[in-house]
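So the sequence shown is residues 19 to 229, counted in our numbering.
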Amino acid sequence: MKLFLTSTGLENMNVSRYFETSFLPKEPKDLSFLVISIQDSEQDAFYLDKTLTEIKNTGAINIDVFKLGNEKFTTDKEYDVVFVCGGNTFDYLDRVRKTGLDKFIVDFSKKENSVYVGVSAGSILAGPDIAIAGDEDSNDIGLTDLRGLCLTDFIVYPHYRKELKTQLDEFKKRNGYPIIELEDNQAVILNYSNIGNLKGVLSMSYINKDL
19 MKLFLTSTGL
29 ENMNVSRYFE
39 TSFLPKEPKD
49 LSFLVISIQD
59 SEQDAFYLDK
69 TLTEIKNTGA
79 INIDVFKLGN
89 EKFTTDKEYD
99 VVFVCGGNTF
109 DYLDRVRKTG
119 LDKFIVDFSK
129 KENSVYVGVS
139 AGSILAGPDI
149 AIAGDEDSND
159 IGLTDLRGLC
169 LTDFIVYPHY
179 RKELKTQLDE
189 FKKRNGYPII
199 ELEDNQAVIL
209 NYSNIGNLKG
219 VLSMSYINKD
229 L
């Protein structure tokens with residue numbers, strides 16, 4: 019399983035180019051994408067349209083969208099790429115559980131050549147704990163079980179800026195998980211040989227690490 023975790027999706031040209039030409043197991047046109055997004059506002063709709071445009075610009079044509087609400091997720095289709103968008107991380111985790119997508123994604127991650135793409139909240143969701151989202155997102159729903167999908171044992175801190183270092187250092191004191199800071203123009207790639215063994219990461223690499 020491979021994870022492609024970002025702050026702003028495929029917005030950056032270097033990130034998009036690497037995703038299209040070097041990261042995916044096949045050409046985008048030959049892969050099926052499942053895009054997962056909360057759609058509660060005009061802003062949500064704007065960012066979903068932006069995300070779909072960025073994915074289509076890679077050459078992808080087989081793209082389904084599941085709008086996270088109260089409806090249970092069911093499908094007989096086999097997907098190659100699961101693409102989880104951004105938004106309020108607490109709402110995402112709550113709805114992913116209620117729709118059954120959490121189990122679907124975990125099962126999907128065990129498939130050979132499966133790809134998980136996270137954008138902001140989607141990147142946090144992949145980790146073992148989403149508490150770090152509390153620095154930016156409000157937990158208005160009162161979610162108490164903050165365990166993530168555990169696709170990796172790293173916690174991603176998206177939209178990182180140098181002025182957030184003190185805030186991040188305070189979080190590190192309260193949390194024992196390794197943390198990856200991602201600026202808006204960056205992505206991190208994690209390649210696991212077996213999702214059942216989170217310590218078995220084969221490789222970790224950054225795009226735009228030194229910018």
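Glycine included, every Cβ here is placed at the ideal spot set by N, Cα and C.
query	result
Looking at the structure shown, is THR93 part of a helix, part of a strand, or coil, going by DSSP?	coil
Indicate, with yes or no, if the ligand HEM has a heavy atom lying under 6 Å from the CB of PHE108.	The ligand HEM is not part of the structure shown, which contains no ligands of any sort.
So, TYR178 versus LEU164, is the Cβ gap smaller than 7 Å?	no
Give the straight-line distance between the Cα atoms of GLY136 and THR26, rounded to the nearest whole angstrom.	9 Å
Tell me which residue opens and which closes the alpha helix (DSSP H) that GLU188 is part of.	183-192
Using 7 Å as the threshold, is the C-beta distance between LEU143 and GLY166 below it?	yes
Using the Cα positions of VAL33 and GLN204, report the straight-line distance between them to the nearest angstrom.	7 Å
What did DSSP end up calling PHE122 once you bin it into helix, strand or coil?	helix
Ordered along the chain, which non-local residues of its own chain (more than five positions away) have a Cβ less than 8 Å from that of TYR36?	ALA205, ILE225
Return the CA-CA distance between ILE54 and LEU182, expressed in angstroms with no decimal places.	28 Å
Can you tell me which of PHE189, LEU49, LEU66 puts its alpha carbon nearest to the alpha carbon of ASP134?	It is worth fixing the name first, because residue 134 is Tyr in this sequence and not Asp. Selected option, being the one with the closest Cα: LEU49.
Give the DSSP-derived three-state secondary structure of GLY87 in the structure shown.	coil
Would you check if there are 3 or more beta carbon pairs closer than 8 Å linking the region 116-123 to the region 63-80?	no
In three-state DSSP terms, what is ALA78?	coil
Is it buried or exposed, ALA109, if we count other Cβ atoms within 10 angstroms and call 16 or more buried?	In the sequence under discussion, the amino acid at residue 109 is Asp, which differs from the Ala named in the question. Its Cβ being crowded by 16 or more others within 10 Å, ASP109 is buried.
Return yes when the Cβ of VAL100 is within less than 7 Å of the Cβ of LEU52, no when it is not.	yes
Could you give the DSSP three-state label for GLY140: helix, strand or coil?	helix
Under three-state DSSP, which class holds SER34?	helix
Would you list, in sequence order, the uninterrupted alpha helix (DSSP H) runs of no fewer than 4 residues that lie entirely inside the region 147-183?	none
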